[in-house]
Amino acid sequence: MLALLAALVLALLAGMRGGGAVEEARSPEQEEQRDVAGSPLAVSARQPGATRAGAARPWQSTSLRPADAGDRLPSLAEGFERADDLHAYLQRLLPAAHAGDAEAAWFVSRVYDYCAAHAADPAGYARDTEALARMGLAGSASMVAARERVAGRCRQFVPADGLGAGLVIVKRLEAAEAGSLAAEASLLAMGEPLEDDAGYRSALVERVRASADAEAFSALAPAMGLAASGDPAHAGQVAGTRQAELAWQLAACRLGMDCSAQGALMTAWCAHGGVCPPGANQDFEAALHAADPPQGGAETIKQLSDSLLGEGVLR
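Those letters in the sequence shown? Residues 691 to 1005, per my numbering, in order.
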């Protein structure tokens, strides 16, 4: 999904410009079979966001934070973005996902998706990164930095873990069946919707739009681009063009998704699709405006994004 969206971003922006060691190989599926009946995650997994009284979820930080941060604990999304070791983060999520926590299951699938390219062949991934660095092409430094960031965060995964599109789909099916709207939207974008009739697809888009769920907006975005062109299910919706796809992604950023240059989304785009922000500190929206489109492409995307969010949500 990330590769597809990255390719579309690259095509649009080009038009705008005119021009640590692993101790043993182990399968996530095998680790998921551990007895988790008494774990805090299993006890608190009945509802996303629920916690046992007096106990923090294992994936939540208990470290001291600045006073102005209040008592709010990091969300799973923040945990995913901050994790230096995604394999360790995954192990903390698996019991809850196994127990039916939809949000945990969604982020399990995000870890698999993010790390799949590196996990398939870590040595080959490293060689490709080194070759890219030697080329010295424009943008090589950004891609190398992004690939090294992926490799560092995914360093404990190995080919035997079996990360790939098949496993991602399986995990997103599980998450969707548990109630994750983001997973349901992602399945549509991957061509594997829970239901294939037009009524379901149209209603799913409206449910995502009404949810104001940043993860769901981002997951749906690839389904709303050229893949939706000519589909009567999406008549009257923001769909069917590259600008529409990017508008859904921009809306996700505005709803709170980490779309910074160092965030997981843009890191994956840069590492695997060559779509890197022009500046080290430029986020997704800034990158669109930096393209300086001759025909108002960025403004069109912004207007479409505004229409998705409505005046009450816009910043």
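Glycine is no exception: its CB is placed at the ideal position from the N, C-alpha and C atoms. No experiment lies behind these values; they were computed from the predicted model shown.
- For Gln-927, same chain residues with a beta-carbon under 6 Å away, outside a window of 5 residues either side, are Val-895 in chain order.
- In this chain, Asp-903 is not harboured by any alpha helix (DSSP H), its DSSP state being neither H nor E.
- As the crow flies, the alpha-carbon of Asp-791 is around 19 Å from that of Val-898.
- Ala-970 sits exposed, since fewer than 16 C-beta atoms from the chains shown fall within 10 Å of its C-beta.
- Ala-841 and Ala-873 have their C-alpha atoms some 25 Å from each other.
- Per DSSP, reduced to three states, the secondary structure at Asp-996 is helical.
- Judged by DSSP in its simplified three-state form, Ser-919 adopts coil rather than helix or strand.
- Pairing Val-798 with Leu-822 gives a Cβ-Cβ distance that is not under 7 Å.
- A residue is called buried once 16 or more other Cβ atoms fall within 10 Å of its Cβ, and Gly-856, having fewer, is exposed.
- Spanning the alpha carbons of Leu-878 and Gly-915 requires a straight line of approximately 12 Å.
- No residue range can be given for Val-928, since it is assigned to no alpha helix (DSSP H) and is classified by DSSP as neither H nor E.
- In this structure Ala-925 does not touch Ser-995 by the C-beta definition: roughly 20 Å separates them, more than the 8 Å allowed.
- Ranked by Cα distance from Ala-961, the options Ala-868, Met-833 and Ala-806 are led by Met-833.
- Annotation for Ala-977: Pro-967 and Pro-968 place their beta carbon closer than 7 Å to its own, counting only its chain and skipping 5 residues before and after.
- The three-state secondary structure of Glu-885, taken from DSSP, is coil.
- Classified as buried, Leu-910 has 16 or more neighbouring CB atoms from the shown chains inside 10 Å of its CB.
- For Ala-841, the enclosing alpha helix (DSSP H) begins and ends at 830–843.
- Using a Cβ distance threshold of 7 Å, Ala-923 and Ala-888 count as a contacting pair.
- In the three-state DSSP reduction, Pro-912 falls in the helix class (H, G or I).
- The beta carbon of Ser-876 sits closer than 6 Å to the beta carbons of Arg-862 and Ala-909 from its chain, once the five residues preceding and following it are set aside; these are given in chain order.
- For the 7 Å CB-CB criterion, Gln-933 and Thr-990 form a contact.
- Contact check between the stretch 811–821 and the stretch 770–781: fewer than three CB pairs, one atom from each, fall below 8 Å, which does not count as touching.
- The C-beta separation of Leu-853 from Ala-941 comes to about 29 Å, leaving the pair out of contact by the 8 Å criterion.
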